Amino acid sequence: MRVLFTVSAWKGHWYPLVPLGWALQASGHEVRVACAPSQGEDLARAGLTPVPVLGELDMVFLARLQNVWNAQAGRWPYAGLPPHPVTGAPLRSLSEFSFADFARESGARLAGPTRVSHDAAVDLARRWRPDLVVHELLSMEGLLAARVLGVPAVLHLWGPAGTHEDEPGLRLRPEDPTGSFARYGVGELGPDLVEHVVDPCPRALRPRTSARRLPMRYVPYNGPAYGGPGHNGSGDGNLGHNGSSYGGLGHDGSGDGGPGHNGPDRGGPGAAAPGEPAGSARPRVCVVWGNSVARMVGPQAGVLPTVVEAAAGLDVEVVVTANAADAAALGPLPPNVRVLENRPLHQVLPGCAAVVHHGGAGVLMTALAAGVPQLALPCAMDQFLNGRRLAASGAGLTVPAHRADVPRTRQALTELLERPAHRTAAEELRREMLALPSPLRLVADLEELAAR
Numbered sequence: 001m002r003v004l005f006t007v008s009a010w011k012g013h014w015y016p017l018v019p020l021g022w023a024l025q026a027s028g029h030e031v032r033v034a035c036a037p038s039q040g041e042d043l044a045r046a047g048l049t050p051v052p053v054l055g056e057l058d059m060v061f062l063a064r065l066q067n068v069w070n071a072q073a074g075r076w077p078y079a080g081l082p083p084h085p086v087t088g089a090p091l092r093s094l095s096e097f098s099f100a101d102f103a104r105e106s107g108a109r110l111a112g113p114t115r116v117s118h119d120a121a122v123d124l125a126r127r128w129r130p131d132l133v134v135h136e137l138l139s140m141e142g143l144l145a146a147r148v149l150g151v152p153a154v155l156h157l158w159g160p161a162g163t164h165e166d167e168p169g170l171r172l173r174p175e176d177p178t179g180s181f182a183r184y185g186v187g188e189l190g191p192d193l194v195e196h197v198v199d200p201c202p203r204a205l206r207p208r209t210s211a212r213r214l215p216m217r218y219v220p221y222n223g224p225a226y227g228g229p230g231h232n233g234s235g236d237g238n239l240g241h242n243g244s245s246y247g248g249l250g251h252d253g254s255g256d257g258g259p260g261h262n263g264p265d266r267g268g269p270g271a272a273a274p275g276e277p278a279g280s281a282r283p284r285v286c287v288v289w290g291n292s293v294a295r296m297v298g299p300q301a302g303v304l305p306t307v308v309e310a311a312a313g314l315d316v317e318v319v320v321t322a323n324a325a326d327a328a329a330l331g332p333l334p335p336n337v338r339v340l341e342n343r344p345l346h347q348v349l350p351g352c353a354a355v356v357h358h359g360g361a362g363v364l365m366t367a368l369a370a371g372v373p374q375l376a377l378p379c380a381m382d383q384f385l386n387g388r389r390l391a392a393s394g395a396g397l398t399v400p401a402h403r404a405d406v407p408r409t410r411q412a413l414t415e416l417l418e419r420p421a422h423r424t425a426a427e428e429l430r431r432e433m434l435a436l437p438s439p440l441r442l443v444a445d446l447e448e449l450a451a452r
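Position 219, counted from 1, in the sequence shown is what the UniProt record's numbering calls 219; the numbers after and before it change by one each time, with no gaps.
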């Protein structure tokens, strides 16, 4: 059969879809990925066939705009104001970005590219005639194309955020501000228009949706290369999705990675290699942070030095995955802290007693697949939702980033390390995820769906 994927212009949104694309191809099916031109090269290097016809939706602008809306509604938790949606500079007052600015900028940055994507996806689908369409939460042009052709559409979720979330200030429910769905005569876009979802989550973190669930084991994927900017486990270019790595199609979820990238390391002498048991009796703590969040939230999201100081003050071995710029900003490191660049996270997590991160879906799901207890320090977007569901599962704790000073972070990390219940819950969730169908097994369900 022919399967059309549609993806948004943000790598962290489509990384989770790659293993399913591989599985379909390995089963003999044709796969094409409709994307924005900026995503074409990375998709090709990932082993999928891109069709770069979609609009370039400005995801950074979209996230900044949402932050300004939240601040105007009194839902901004930080002392400083969010960045200006266009320039990225800190706002001096909320009136600095007006409704007139929104109307002008949203037309060029949001409505225009969205309409281009809708029309391009429909045109491509009419010409290529797919039997099935797979899309993600911010690429609803796939659902539109499927409706126009009368073929099934499947929404591939990233993690705990579903189609029917009622999180205040989180705008992830499917909507169509351009009116394209009505223009093509397929009704109004809303959450209930989504009929099938690929759900990679264990029950405790299950996304809210009215759609039929297609459970699939989470297989980590970190991008088309281990080296280079944005592919270092901390990920620049991921909307909170920075914890994936290469994994086999039917693998057990901890990844197969192949030969690891020997990226530069710095820090304490004699530290054990990632992916191996710790070289000392001290527990190992992994700290994962990326600079993509700071582009959307501003300098108040830069809590990495605080986290490192909090962790380094404990009797632990600390491994920080970060890009070169973030690593350099840390300055001189304590003897028990080591920085790794260009390492897939799934190769770092085995042997770790805990992982600290900002609550993005990618690192959250990769840590769940590895069975490692987590401390989430959410900053914005879906990270707060992810953090709350993580804490409710017992497999981790959550401290909002705006409250994450050194004492509070150290206290939470100490509890995570000393309470066996967190490790037990994390291991139980890992076992549950391993029991889910692999991407290869899910292909049979998709074949059946397309044949109806």
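Using N, Cα and C, we set each Cβ at its ideal position, and we do this for glycine too.
Computed from a predicted model, the values in this text were never measured in an experiment.
Between the CA atoms of residue j and residue i - distance to the nearest angstrom
i	j	result
Arg64	Ala71	10 Å
Pro305	Leu364	21 Å
Pro283	Gly313	13 Å
Val154	Val133	6 Å
Leu377	Leu4	36 Å
Ser139	Asp315	45 Å
Leu193	Pro130	19 Å
Val288	His358	8 Å
Val53	Ser27	26 Å
Pro85	Pro168	20 Å
Gly74	Asp405	22 Å
Leu149	Asp326	47 Å
Leu397	Val307	14 Å
Glu447	Ala322	40 Å
Ala451	Pro215	19 Å
Ala211	Pro191	9 Å
Nearest to residue i (by Cα), restricted to the options the options
i	options	result
Glu418	Ala353, Ala392 and His358	Ala353
Ala161	Thr424, Ala435, Gln383 and Ala412	Gln383
residue 489	Ala182, Leu62 and Arg75	In the structure as shown, the chain begins at 1 and stops at 452. Residue 489 is therefore absent and cannot be evaluated.
Asp199	Leu436, Ala451 and Ala425	Leu436
His346	Trp289, Asn222, Gly387 and Arg104	Asn222
Ala204	Gly387, Glu105, Ser393 and Leu81	Ser393
Ala425	Asp326, Asp405 and Ala369	Ala369
Ala294	Leu124, His29, Val60 and Leu397	Val60
Asp58	Trp76, Lys11 and Pro191	Lys11
Tyr184	Arg129, His118 and Arg212	His118
Asn336	Glu309, Glu415 and Arg343	Glu309
Leu434	Gly387, Pro83, Pro220 and Ala89	Pro220
Tyr78	Val303, Trp128, Leu124 and Leu390	Val303
Val7	Ala145, Val68, Ser98 and Ala89	Ala145
Ser95	Ala108, Val297 and Leu81	Leu81
Glu195	Pro152, Cys201 and Gly187	Pro152
In DSSP terms, what residue i is bridged to
i	result
Val60	Answer by DSSP bridge pairing: none, since Val60 is not bridged.
Thr398	Ala376
Asp199	Pro215
Leu193	DSSP lists no partner for Leu193.
Arg129	None; Arg129 has no bridge partner.
Ala2	Note that residue 2 is Arg in the sequence shown, not Ala. The partner list for Arg2 (beta bridge, DSSP) reads Glu30.
Val285	Val318 and Ala354
Own chain, CB closer than 7 Å to residue i, minus 5 neighbours either side, in chain order
i	result
residue 459	Residue 459 is absent from the structure shown; the chain starts at 1 and stops at 452.
Ala367	Gly243, Leu349, Val355 and Gln374
Ala301	Val293, Ala294, Cys379 and Ala401
Leu189	Met140, Pro174, Glu175, Asp176 and Phe181
Leu43	Val33, Cys35 and Pro50
Own chain residues within Cβ distance below 6 Å of residue i, not counting five before or after
i	result
Thr209	Gly162, Thr163, His164 and Val197
Pro264	Caution is warranted here: a pLDDT of 41 is assigned to Pro264, below 50, making its placement in the model unreliable, and the coordinate value is therefore given only provisionally. Here the set comprises Glu341.
Arg32	Leu4, Thr49 and Val51
Ala23	Leu249, Pro439, Leu440 and Val443
Trp158	Pro16 and Ala361
Beta-carbon proximity list for residue i, same chain, < 8 Å, skipping 5 on both sides
i	result
Val285	Ala311, Leu314, Val316, Glu317, Val318, Val319, Cys352, Ala353, Ala354, Val355, Val356, Leu413 and Leu417
Val399	Leu375, Ala376, Leu377, Arg408, Thr409 and Ala412
Heavy atom of the ligand SAH within 7 Å of residue i beta-carbon
i	result
Gln300	Only the bare structure without any ligand can be found here, which leaves the ligand SAH out of the picture.
- Message: Suppose only complete runs of 4+ residues qualify. What are the alpha helix (DSSP H) ranges in the stretch 381 to 450, listed by chain order?
- Response: 383 to 393, 406 to 418 and 420 to 434
- Item | 3-residue-minimum beta strand (DSSP E) runs that sit fully inside the stretch 136 to 173, ordered along the chain | 153 to 156
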